[in-house]
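Its first residue numbered 1, the first sequence is counted upward by one per residue in the numbering used here. All C-beta atoms, glycine included, are put in the ideal place defined by N, C-alpha and C. Model, not experiment: these values are computed from the prediction. Notes to accompany the following structure.
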Amino acid sequence: MGYDFTSIEAKWQSLWESERTFNVTEDPSLPKYFNVSMYPYPSGDLHMGHLRNYTYVDLLTRYRKMQGFNVLSPMGWDSFGLPAENAAISTGVHPREFTERQIVRMKGQLRRLGAVYDWDREVAVHTPDYYRWDQWLFLKLYERGLAYKKEAPVNWCPKDATVLANEQVVDGACERCATPVERRDLSQWFFKITEYGDRLLEDLAELDEWPDRVRTMQENWIGRSEGCRFSMNVAGTDHSFDVFTTRPDTTFGMTFAVLAPEHPLVEELISGSDVEAEARAYIKAAQRASELERISDGDKSGIFIGHHAINPVNGVEVPLFIADYVLMGYGTGAIMAVPGEDQRDWDFAKRYGLDIIPTVQRPEGWEGEAYPGDGVMINSGFLNGMTKEESIPAAIAWFEERGIGHGTIQFRLHDWLISRQRYWGCPIPMINCSKCGLVPVPESDLPVIHPDVEDYAPKGQSPLAAVASFVNVDCPKCGGPATRETDTMDTFVDSSWYYLRYCDARNDDAIFDPEKVRYWMPVDQYVGGVEHAVLHLLYARFITKVLYDMGMVPVDEPFSRLFTQGMLVKDGAKMSKSKGNVVNPDAYYDRYGADAIRLFELFMGPPTDDAVWSDNGVEGTYRFLDRIWRMGTGEVGTLEDRAENESDREVLADAHRTLKKVTEDIDRFAFNTAVAALMEFSNTLNAYLRSGGRRQTFAEVFDLVTLMLSPMAPHMTHELWELGGHDGILAAERWPAWDPELVKRDVVTMVVQVNGKVRDRLEVDADISASDAETLALGLEKIQSWLEGKDVRKVIARPPNLVNIVVG
RNA sequence: GCCCGGGUGGCGUAACGGGUAGCCGCGGAGGUCUUAAACACCUCUGCCCGAGAGGGCGUGUGGGUUCGAGUCCCACCCCGGGCACCA
1 MGYDFTSIEA
11 KWQSLWESER
21 TFNVTEDPSL
31 PKYFNVSMYP
41 YPSGDLHMGH
51 LRNYTYVDLL
61 TRYRKMQGFN
71 VLSPMGWDSF
81 GLPAENAAIS
91 TGVHPREFTE
101 RQIVRMKGQL
111 RRLGAVYDWD
121 REVAVHTPDY
131 YRWDQWLFLK
141 LYERGLAYKK
151 EAPVNWCPKD
161 ATVLANEQVV
171 DGACERCATP
181 VERRDLSQWF
191 FKITEYGDRL
201 LEDLAELDEW
211 PDRVRTMQEN
221 WIGRSEGCRF
231 SMNVAGTDHS
241 FDVFTTRPDT
251 TFGMTFAVLA
261 PEHPLVEELI
271 SGSDVEAEAR
281 AYIKAAQRAS
291 ELERISDGDK
301 SGIFIGHHAI
311 NPVNGVEVPL
321 FIADYVLMGY
331 GTGAIMAVPG
341 EDQRDWDFAK
351 RYGLDIIPTV
361 QRPEGWEGEA
371 YPGDGVMINS
381 GFLNGMTKEE
391 SIPAAIAWFE
401 ERGIGHGTIQ
411 FRLHDWLISR
421 QRYWGCPIPM
431 INCSKCGLVP
441 VPESDLPVIH
451 PDVEDYAPKG
461 QSPLAAVASF
471 VNVDCPKCGG
481 PATRETDTMD
491 TFVDSSWYYL
501 RYCDARNDDA
511 IFDPEKVRYW
521 MPVDQYVGGV
531 EHAVLHLLYA
541 RFITKVLYDM
551 GMVPVDEPFS
561 RLFTQGMLVK
571 DGAKMSKSKG
581 NVVNPDAYYD
591 RYGADAIRLF
601 ELFMGPPTDD
611 AVWSDNGVEG
621 TYRFLDRIWR
631 MGTGEVGTLE
641 DRAENESDRE
651 VLADAHRTLK
661 KVTEDIDRFA
671 FNTAVAALME
681 FSNTLNAYLR
691 SGGRRQTFAE
701 VFDLVTLMLS
711 PMAPHMTHEL
721 WELGGHDGIL
731 AAERWPAWDP
741 ELVKRDVVTM
751 VVQVNGKVRD
761 RLEVDADISA
771 SDAETLALGL
781 EKIQSWLEGK
791 DVRKVIARPP
801 NLVNIVVG
């Protein structure tokens, strides 16, 4: 039944491979198009949600190639990570073996989709060929002072004695044994991304082909705020602490101050005091809660710790609290609280019966609680009478003159913690020597290959620490006994530069040849899920900027155009392996073929939106393809050799209008409407053939259809192209141009409204004048009856589409 | 709690700069072909009233701006996603 997609698809897939149709080299005579989909984690089978992404990217590869671009579309594997390690822990199978099996499966499914890549450039980050350059990159960052070590907390399960990823912590407890998770400090490696905070923020402005919401998310994530940092003394003690505020102008309104529960001063202040027990219990509870839980709680809780802080501007002593709504990780971990102008402080003050002193004049009729807006300063000593704009610098100057504070810029962005106490990741190329301290592994000794281990279970340090032959080395500097770093790198390090490796994937002598990178970079189109809007994309931007500063890459932003696709939903939830609602494509390949699946993925809705999976939908796109097939093979209607008539001219004009729409729709990523336009035209063509078509016209029109459809349904169209007597590879043909003369319409439908309601329509010349349109409209019989007994007050003519008659 | 999206037929959707709401597909109804079925093809398919002609209503709810609002503004309700009470 229907066309034989199984053999047709296999035939052309083999041909693209044997002809190396999509393998490319740098060719300065052609415009380049670097087309990248976010590489997948090799989790096992591809499901329909994955195919959505790969169908979009493949469509673009083929479309841009037909437009004459030298298109590089590579593929790779994010093949380090937790799932393979977990599988190893439970089954004992080496993560490498597990991972490489999955890669083979997924490659097969990509091939079956007809997705084409330059496989010569395939990368898999778990191979030493790749990760030695992760290590090289680490050494370069270390040289530049961008990699450093410091103490940082990890999630620690005391029962299993292991470090847990955030993902393995459920409700503050270990996912396996339900033991409450503790925090434990370990010495860990960081990348100094904060040094690039300003550039990462400013350069967002250049990324005008990124979705606004991704840029907004990155901006919020970086979180630059200007403000003031000043010091406060604790009354009756030698202690002081710094606070950060964006509103130094409101300092006179401070009625209490708050320290984060983890603030180092807290221990000293509560030790031996009346509130010690209560405070310790509070701190413990706060530590257990995740940051999100702490900030989500509507009720702001805290504890007065029996001390007062002295407001430097007026000497007033205000009560000092610990409260979990203040986070140690942001600013100084301490705040002055001004309930009059800050809603969080207002809520806290209300709950604990604290004073509220307004310092900004409220606007007339203000009925809110805290007032964050602008106004004239009141109750504020030397700031009285100023506006916000004047009083902020005045307050900062006041602090600076007295040496107790200064203006400063605070980022929310933290440095990037890259240490992982895991096996299945890239070893950090550092050595600890008791004499020389931290010593980098010499470049000539790379890669540091991680050895096979007996037991993959984490034990508070990486399983690598159990391998004596790996750990014990001679110090590269002094030759004395030393030990290796046993942590591995965050897998986000691998994915921060893989697109650069695509430019020169087989280079054994360098991370890449800068000349090849100069040709291909930046990535012209990057396609992936919006869940990567912040972390991956921010890290990739950071690493690119570092390499730019090193003179290795010619651009300081890696991705000129970003497209974030929606997720595929089934049964009310995102399609994913963990949700158990994946639809495996294999059965659909067997029943409808890859082209029908591709077309449905394109057709089901706007690519940016979430889409709902429907089994019947593939049936629909299959029917459409089968009809095209039957038209192309002469099974529909009849063809005549005759002179061209009006219906022939009309179907040709329609084909050109469709071509215009499909081209414009693909350009704006409206793939769903591009498919709809082709379906609409196929209905037209069907009717044309059934009433007897002209052979020559049909051949011309059908070639256009075949070309237009080819990036979407590349197998069937290739077969039709061949059957139509064409030689050569369809994918290498040129995308056709529409004829502007044919596309023009002479006659259009004009609607006539009375008071905004459509009352009649008529055909008019496309170039009708406003006054002719008005006259025609007023003369219509139906319109006359609507006007009877009423005054025509106004006529709005928008020729040639609309006339609106306003009556009263 | 905050931020960002989004609510259009039975369903997925279309309407690109305020100008014909519902293109295309799914599903459904009726028909042609067939011994029959499948396939294919044709017609109809937002809701209500009406035999029909036609009319009224209609894009989450309530207001507003406008000759004209799915589209812009205000308030609210619901759904989804993200998160960082960022001082």
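Put simply, the region 726-733 does not touch the region 773-780. Fewer than three CB pairs are less than 8 Å apart. Cβ-Cβ distances below 7 Å link residue 535 to 492 in the same chain, with the five nearest sequence neighbours on each side left out; the list follows chain order. Per DSSP, the beta-bridge partners of residue 258 are 321 and 335. CA-to-CA, the gap between residue 93 and residue 87 works out to about 7 Å.
Residue pairing of residue 240 in beta bridges, as defined by DSSP: 233. Between residue 488 and residue 420 a beta carbon distance of about 5 Å is seen, short of the 8 Å cut, so the two are scored as contacting. Following the DSSP letters along the chain, one finds residue 733 in no beta strand (DSSP E), marked with neither H nor E.
Straight across, the Cα-Cα distance linking residue 583 with residue 467 is about 42 Å.
Between residue 252 and the set 246, 271 and 314, the nearest pair of CA atoms involves 314. In this structure, the beta-carbon distance from residue 782 to residue 807 does not fall below 7 Å.
Residue state for residue 387 is assigned as coil, using DSSP reduced to three classes. The alpha-carbon separation between residue 604 and residue 759 amounts to approximately 35 Å.
A direct Cα-to-Cα measurement between residue 111 and residue 746 gives close to 47 Å. Under DSSP, the beta-bridge partners assigned to residue 185 are 153.
In the three-state reduction of the DSSP assignment, residue 643 falls in the coil class, being assigned neither a helical nor a strand state.
For residue 410, the enclosing beta strand (DSSP E) has its first and last residue at 405-410. Relative to residue 606, the option among 563, 261 and 398 whose CA is nearest is 563. Within the same chain, Cβ atoms closer than 7 Å to the Cβ of residue 23 are found at 118 and 120, the five residues on either side in sequence being excluded. Residue range 671-690 is occupied by the alpha helix (DSSP H) that includes residue 672.
The beta carbons of residue 36 and residue 74 sit about 7 Å from each other, so the pair counts as a contact at 8 Å. Partner residues in the beta bridge of residue 245, as assigned by DSSP, are 228. In this chain, residue 750 is not harboured by any alpha helix (DSSP H); it is covered by the beta strand (DSSP E) spanning 747-754.
Beta-bridge partners of residue 805 (DSSP): 754 and 795.
Of the candidates 158, 65, 529 and 619, the residue whose Cα lies closest to the Cα of residue 568 is 529. Following the DSSP letters along the chain, one finds residue 345 in no beta strand (DSSP E) but inside the alpha helix (DSSP H) bounded by residues 343-352. Pairing residue 773 with residue 798, the inter-Cα distance amounts to about 8 Å. Contact between residue 146 and residue 192 holds: their C-beta atoms lie close to 5 Å from each other, under 8 Å. Around the beta-carbon of residue 155, 16 or more other beta-carbon atoms lie within 10 Å, marking it buried. At the C-beta level, residue 336 and residue 217 stay beyond 7 Å of one another. Nearest to residue 657 by alpha-carbon distance, out of 545, 705, 565 and 608, is 705.
With contact defined as three or more Cβ pairs closer than 8 Å, the region 548-565 and the region 202-210 are in contact. Rounded to the nearest whole angstrom, the CA to CA distance from residue 249 to residue 374 is 11 Å. Here the alpha carbon of residue 765 sits roughly 22 Å from the alpha carbon of residue 756. Residue 109 is a Cβ neighbour of residue 46, given a cutoff of 7 Å.
Per DSSP, the unbroken beta strand (DSSP E) holding residue 430 starts and ends at 430-433. Considering only 672, 597 and 608, the residue with the shortest C-alpha distance to residue 565 is 608.
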